[in-house]
Amino acid sequence: MKRFPKAGLLLLCCALAGPVLAQGTSPLVAAAPDNSGMDAELFYQLLLGELNVRSAEPAAGFALILDAARKTTDPSLYQRAVELAFEARNGDAALQAARAWKQAFPNSREANRYVLQILVALNRIPESVEPLKTEIALADAGDRAAVIAMAPRIYGRASDKKQAATVIEQALADYLNQPATAAAAWSTVGRMRMAAGDIEGALDAARRGQALNAKAEGPALLALELMDPKVPQAEVLVRSYLQNQPLPEIRMGYARALLDAQRHQEALQQLQLVTRERPEFPEAWLAQGTLLVQDNQLAQAETSLQKYIQLAQSQPAGEERSRGLAQAYLSMAQVAEKRKDFTAAGAWLDRIENSQDLIAAQNRRASILARQGKMAEARKLIQSLPERTPADARLKMSAEVALLRDNKQYKPAYELLAQAVEKNPKDADLLYDQAMMAEKLNEFADMERLLRQVMVVKPDYHHAYNALGFSFAERNVRLPEAKQLIQKALEYAPGDPFITDSLGWVEFRLGNRAEALRILQGAYKERPDPEIAAHLGEVLWTLGERAQAEKVWREGMLLNNENETLLETIKRLRVRL
70 MKRFPKAGLL
80 LLCCALAGPV
90 LAQGTSPLVA
100 AAPDNSGMDA
110 ELFYQLLLGE
120 LNVRSAEPAA
130 GFALILDAAR
140 KTTDPSLYQR
150 AVELAFEARN
160 GDAALQAARA
170 WKQAFPNSRE
180 ANRYVLQILV
190 ALNRIPESVE
200 PLKTEIALAD
210 AGDRAAVIAM
220 APRIYGRASD
230 KKQAATVIEQ
240 ALADYLNQPA
250 TAAAAWSTVG
260 RMRMAAGDIE
270 GALDAARRGQ
280 ALNAKAEGPA
290 LLALELMDPK
300 VPQAEVLVRS
310 YLQNQPLPEI
320 RMGYARALLD
330 AQRHQEALQQ
340 LQLVTRERPE
350 FPEAWLAQGT
360 LLVQDNQLAQ
370 AETSLQKYIQ
380 LAQSQPAGEE
390 RSRGLAQAYL
400 SMAQVAEKRK
410 DFTAAGAWLD
420 RIENSQDLIA
430 AQNRRASILA
440 RQGKMAEARK
450 LIQSLPERTP
460 ADARLKMSAE
470 VALLRDNKQY
480 KPAYELLAQA
490 VEKNPKDADL
500 LYDQAMMAEK
510 LNEFADMERL
520 LRQVMVVKPD
530 YHHAYNALGF
540 SFAERNVRLP
550 EAKQLIQKAL
560 EYAPGDPFIT
570 DSLGWVEFRL
580 GNRAEALRIL
590 QGAYKERPDP
600 EIAAHLGEVL
610 WTLGERAQAE
620 KVWREGMLLN
630 NENETLLETI
640 KRLRVRL
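Here the numbering used here is used: the first residue of the sequence shown is 70, the next is one more, and so on.
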């Protein structure tokens, strides 16, 4: 049976079924009908229009419906004409109908919004200035800032981002200095500038918005997105906002940005502030606990994770809660595993219900088996995971490689990666991982070959430059080239404490001990890490600062008493801590 659109079906029902019965009336006593004012001529025109739409004449149907809208000034018929144009994929016709609707109802936000959205969809961006101004002007005063904040979404698909940014700035000119809208307006301007690649302009907009309203979230959120070592002033704006009773979500966002920048201690400080200021905010406890596990602060991690679990269990069931609990259970299993309480670790993993996190749980189970000396079983457990997508296969392979690497099974890990690289010869991550396994096997020529290949496949892959340069420095060979490689890595990842550590180490190998000390002290301050502690301690030791060296090494042991570099350094120098 041919289906009719809702409007057409309604008209046919009216024509064929007679009066509509009121609920509860008998078939013999119909409710009094509501008279629509529709005469026979209009009824026929609408019916013909709908039938034409469903036949081979959609343009004729559109014309009939739009003409009926103009005759009746009925908003629903204007909207129907726009919808018919959309169905026919005729943007110009949709714009024609929307403009006619707006002309008939100048104060209709719905009509104006259609005009605005159609103009943007047609990429007629300069024409959208007035409709955007109207959209903002027609909004209630209390909602105006929110409407302004939505503008970047409307222009999200504009092909010319610079033009879109210019249009929005023109439309918002009257709102940039009004107290109620200034922060939202400057934040919107900044987002459009950022989308257009104008980072300095975006930062300036965030700065202006915050200057006009220091407590507004918009400029702080924009600055948070701009945070990068190359844009240090963005972080200044974020930190300024955080001094004024901030939303916990923004402090959490700042903590995540710090984590991305490998600034773990600062991230932990921010998370501790959230849990102190808003102890009922569960996500902060989870992030704090996960970070503490990574730093081997097991007792504090357990307390944070238990607090999260308690808060999360009181929340409504849903995917977010399920994922969060799965992560908490995994972290608790990791705590138990680090304590060698494998029974407790398995019990925590048994509590995971989220299907997407079961893969991670199986990885953790495999790790427990491996640490109990059951490597074959551990590998089989990972290999038995289902492969519904290529991504699943990649995850399985990566998990098995990590398992082998963590248990010093470097040869089979190398072979597994070699098989994957054979299938994906331009995958930079796989090539890099294989190079790291080659280094573990002391196959340095092979390692260099693979890292050079990474540099060709992905020239900005800073890990490859750092790894090769550090390898040269560690083996005390080709030191000038090592320094050049590490400096290249820093160009791509400025301020990275681990690459800075590599630079300090190569300076030490070159005999520049004072410079090495300066660089390594900066890296260790930025990121207290056992490997950086090993290098800093050795430089201090050779400079005769032995008490200070031992202090740094003890700190490193507290961070991770199983770090290979730190243990090897202390053993080689015959130090007793």
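Yeah, the Cβ is synthetic: ideal placement off N, Cα and C, and Gly gets one too.
First through last residue of the alpha helix (DSSP H) which encompasses residue i
i    : result
T611 : 599-611
T359 : 351-363
L293 : 286-295
G270 : 268-281
Q553 : 548-561
P459 : 459-475
N535 : 531-544
K509 : 497-509
G442 : No alpha helix (DSSP H) contains G442, which DSSP labels as neither H nor E.
K594 : 582-595
E631 : From DSSP, E631 is part of no alpha helix (DSSP H); its letter is neither H nor E.
K480 : 479-492
G259 : 251-264
Residue of the options minimising C-alpha distance to residue i
i    : options                : result
G225 : I205, V216, M261, L241 : M261
R440 : S453, M466, K477       : K477
D565 : L586, Y593, A585       : Y593
I378 : D515, E269, A234, A397 : A397
A533 : F513, I555, P317       : I555
M626 : A602, R149, G613       : A602
A137 : L111, R123, A128       : L111
R470 : L519, P481, A460       : Just to set this straight, residue 470 is Val in the shown sequence, not Arg. Measuring from the Cα of V470, the nearest candidate turns out to be P481.
A215 : E484, D475, N581, A252 : A252
G591 : L605, G580, N581       : L605
L559 : G130, K299, R641       : K299
W170 : L153, P248, R139       : R139
A497 : E352, L520, E484       : L520
R582 : K557, W610, F567       : W610
V151 : S124, Y183, L337, Q617 : Y183
A330 : P385, A551, E595, N246 : E595
Sub-8 Å separation of residue i and residue j beta-carbons
i    : j    : result
A303 : A292 : yes
L486 : Q522 : no
G573 : A585 : yes
M401 : L374 : yes
R578 : N535 : no
L450 : R433 : no
T257 : R213 : no
I194 : D229 : yes
E286 : I319 : yes
V362 : A368 : no
L342 : Q357 : no
N629 : N365 : yes
T569 : E607 : no
Y479 : M444 : no
I217 : L241 : yes
L164 : L135 : no
Q148 : V198 : no
I223 : Q172 : no
W622 : L646 : yes
G259 : A283 : no
S383 : E422 : no
Buried or exposed by the 16-neighbour rule on C-beta atoms within 10 Å, applied to residue i
i    : result
Q200 : The sequence given here has Pro at residue 200, not Gln. When all chains shown are included, P200 counts as buried.
Q92  : Bear in mind that the predicted position of Q92 carries a pLDDT of just 39, short of 50, making it unreliable; the figure below should be weighed with that in mind. With fewer than 16 other Cβ atoms within 10 Å, it is exposed.
G266 : exposed
P348 : exposed
V575 : buried
N181 : buried
A121 : It should be noted that the sequence gives Asn, not Ala, for residue 121. Burial call: buried.
A233 : buried
D598 : buried
Q334 : exposed
M219 : exposed
Q312 : exposed
Y244 : buried
Runs of 4 residues minimum, wholly inside the region 139-213: which ones carry the alpha helix (DSSP H) assignment? Annotation note: the region 139-213 contains the following uninterrupted alpha helix (DSSP H) runs of length 4 or greater, listed N- to C-terminal: 144-156, 160-173, 178-190, 198-207.
Runs of alpha helix (DSSP H) lying entirely within the region 356-417, each at least 4 residues, in chain order: DSSP runs (the alpha helix (DSSP H)) wholly in the region 356-417: 367-381, 388-407.
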